[in-house]
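To start, the structure itself, in structure tokens.
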Ligand SMILES: [Zn+2]
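In our numbering, the protein residues as written are 23 to 304.
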């Protein structure tokens, strides 16, 4: 396992960017969207950036080994890690769970070192994967930049900072083989809007019944592909989530431009991002 991470670190030259490299970059004014408006940028798969005012949140956006799933390009990964526009001043990084199509520990570690203003919000299981990277290189350890949700399964925990409020919902990952994987749902209040990102949560009553989301008046729910294809998922959505808008995420690579039409039969207004770095304003 150790040699695996060493190979990862060595095979990505951009991981070697030091904090000094970052400081040498000229300070440029950041073009921020005005508060009250929410910009959503699609990174890849379940990865998005939410921006409002000076708050810039990345969710499940930093990974490279996603097999059949949509993956950010090397250029995008490099820009995120460096904090280069449009990823300058990312205030928060949210990671739903440790799977390789949502998260990569060496990349996220390097991101935190290069972006000392940024806070990572995730769970214990994801942090335990980060700890393996720190064993290889203690200098990557940034405990002050990590908020680990400690609520039990089906519990929740609130984090607040300035204009941002994030309620982490502890949920069970979908699929029998991932029964013990904890996936965090994020209820995010930003730019006067309520956003729900459900990670890879299973569509079960136990995963959603306890959070009272149906009374939250959720503006946008980011929901994975299988959730909407399955009648049980649609029942959960319509019973417990009741969002104003649905953004489709986690669409298999070869089906993105084709099969989401099946979901449009049920939800004609579903929002689909077809291209990486595509931005929509809400
Ligand atoms: Zn997963």
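Cβ atoms here follow ideal geometry from the backbone N, Cα and C, with glycine treated the same way.
Distance cut-off 8 Å: residue 124 Cβ against heavy atoms of ligand 1: Position 102 of the chain shown, counted from the start, is the residue given in the question as residue 124. For residue 124, the shortest separation between its Cβ and any heavy atom of ligand 1 lies below 8 Å.
Nearest-angstrom Cα separation, counted from residue 140 out to residue 169: By one-based count along the chain shown, residue 169 stands at place 147. By one-based count along the chain shown, residue 140 stands at place 118. Taking the straight line from one Cα to the other gives about 11 Å.
Any alpha helix (DSSP H) of 4 or more consecutive residues that is wholly inside the stretch 221-286: Contiguous alpha helix (DSSP H) elements confined to the stretch 221-286 occur at 227-230, 247-251 and 253-258, taking only those with 4 or more residues.
Beta strand (DSSP E) segment containing residue 101, residue limits: Along the chain shown, one-based indexing puts residue 101 at 79. In this chain, residue 101 is not harboured by any beta strand (DSSP E); it is covered by the alpha helix (DSSP H) spanning 96-104.
Proximity test, residue 205 beta-carbon vs ligand 1 heavy atom, cut-off 8 Å: Your numbering for residue 205 matches position 183 in the chain shown. Within the cutoff, so yes.
Residue 175 - containing beta strand (DSSP E), residue span: Residue numbering aside, residue 175 sits at position 153 when the chain shown is read from its first letter. No beta strand (DSSP E) contains residue 175, which DSSP labels as neither H nor E.
Per-residue burial, residue 42 [other beta carbons within 10 Å of its own, 16 or more giving buried]: One-based indexing of the chain shown puts residue 42 at position 20. Below a pLDDT of 50, predicted positions are generally treated as unreliable, and residue 42, at 41, falls in that range; no measurement from the model is reported.
Closer than 8 Å: residue 308 CB and nearest ligand 1 heavy atom: Residue 308 lies beyond the residue range present for the chain, which begins at 23 and ends at 304; the question has no answer from this structure.
Opposing strand residues paired with residue 219 [DSSP bridges]: Sequence index remark: in the chain shown, residue 219 carries index 197 (1-based). Answer by DSSP bridge pairing, in chain order: 208 and 244.
Nearest-angstrom Cβ-Cβ length linking residue 115 and residue 130, presumed shorter than 8 Å: What you label residue 115 is simply residue 93 of the chain shown in a count that begins at 1. What you label residue 130 is simply residue 108 of the chain shown in a count that begins at 1. Right, the Cβ-Cβ distance comes to about 7 Å (below 8 Å), so this counts as a contact.
Buried versus exposed, by CB contacts within 10 Å (16 or more), residue 157: Position 135 of the chain shown, counted from the start, is the residue given in the question as residue 157. Classification for residue 157: exposed.
Where residue 24 sits in the DSSP three-state scheme: Position 2 of the chain shown holds residue 24. In this predicted model, residue 24 has a pLDDT of only 41, less than 50, meaning its place in the structure is not dependable enough to derive any value.
Ligand 1 heavy atom lying under 8 Å from the CB of residue 222: The count along the chain shown starts at 1 and reaches residue 222 at position 200. With a cutoff of 8 Å, residue 222 counts as near ligand 1, since its C-beta is closer than that to a heavy atom of the ligand.
Check: residue 239 C-beta below 8 Å from any heavy atom of ligand 1: Here the question's residue 239 lines up with position 217 in the chain shown. Shortest gap from the CB of residue 239 to any heavy atom of ligand 1: 8 Å or more.
Own chain partners of residue 284 with C-beta closer than 6 Å, once the 5 adjacent residues on each side are dropped: To locate residue 284, count along the chain shown from 1; it is residue 262. Contacts found: none.
Cβ-heavy atom distance, residue 114 to ligand 1, below 8 Å: Here the question's residue 114 lines up with position 92 in the chain shown. Remark: the shortest separation between the CB of residue 114 and any heavy atom of ligand 1 does not fall under 8 Å.
Any non-hydrogen atom of ligand 1 within 8 Å of residue 219 CB: Position 197 of the chain shown, counting from 1, holds the residue named residue 219. Relative to ligand 1, the beta carbon of residue 219 is positioned no closer than 8 Å to any heavy atom.
Residue 266 versus residue 107 - alpha carbon distance: Taking the first residue of the chain shown as position 1, residue 266 is located at position 244. Taking the first residue of the chain shown as position 1, residue 107 is located at position 85. Computed Cα separation, rounded: 31 Å.
At least three beta-carbon pairs within less than 8 Å, the stretch 83-94 to the stretch 242-253: Because the criterion of three Cβ pairs below 8 Å is not met, the stretch 83-94 and the stretch 242-253 do not touch.
Contact test: residue 298 Cβ vs ligand 1 heavy atom, cutoff 8 Å: Here residue 298 refers to the residue found at position 276 of the chain shown. Proximity of the beta carbon of residue 298 to ligand 1 is not indicated: no heavy atom of the ligand is located closer than 8 Å.
As assigned by DSSP and simplified to three states, the class of residue 194: Here the question's residue 194 lines up with position 172 in the chain shown. Residue 194 falls in the strand class under three-state DSSP.
Pairwise C-alpha distance: residue 118 and residue 236: Reading the chain shown from its first residue, position 214 is the one you call residue 236. Reading the chain shown from its first residue, position 96 is the one you call residue 118. Those two C-alpha atoms are separated by around 21 Å.
CA nearest to the CA of residue 194, picked from 205, 289, 151 and 188: Locating residue 194 in the chain shown gives position 172, counting from the first residue. It is 205.
Any non-hydrogen atom of ligand 1 within 8 Å of residue 195 CB: By one-based count along the chain shown, residue 195 stands at place 173. Within the cutoff, so yes.
Contact test: residue 119 Cβ vs ligand 1 heavy atom, cutoff 8 Å: As a first step, residue 119 must be located in the chain shown, where it is residue number 97. Because some heavy atom of ligand 1 lies under 8 Å away, the Cβ of residue 119 counts as near it: yes.
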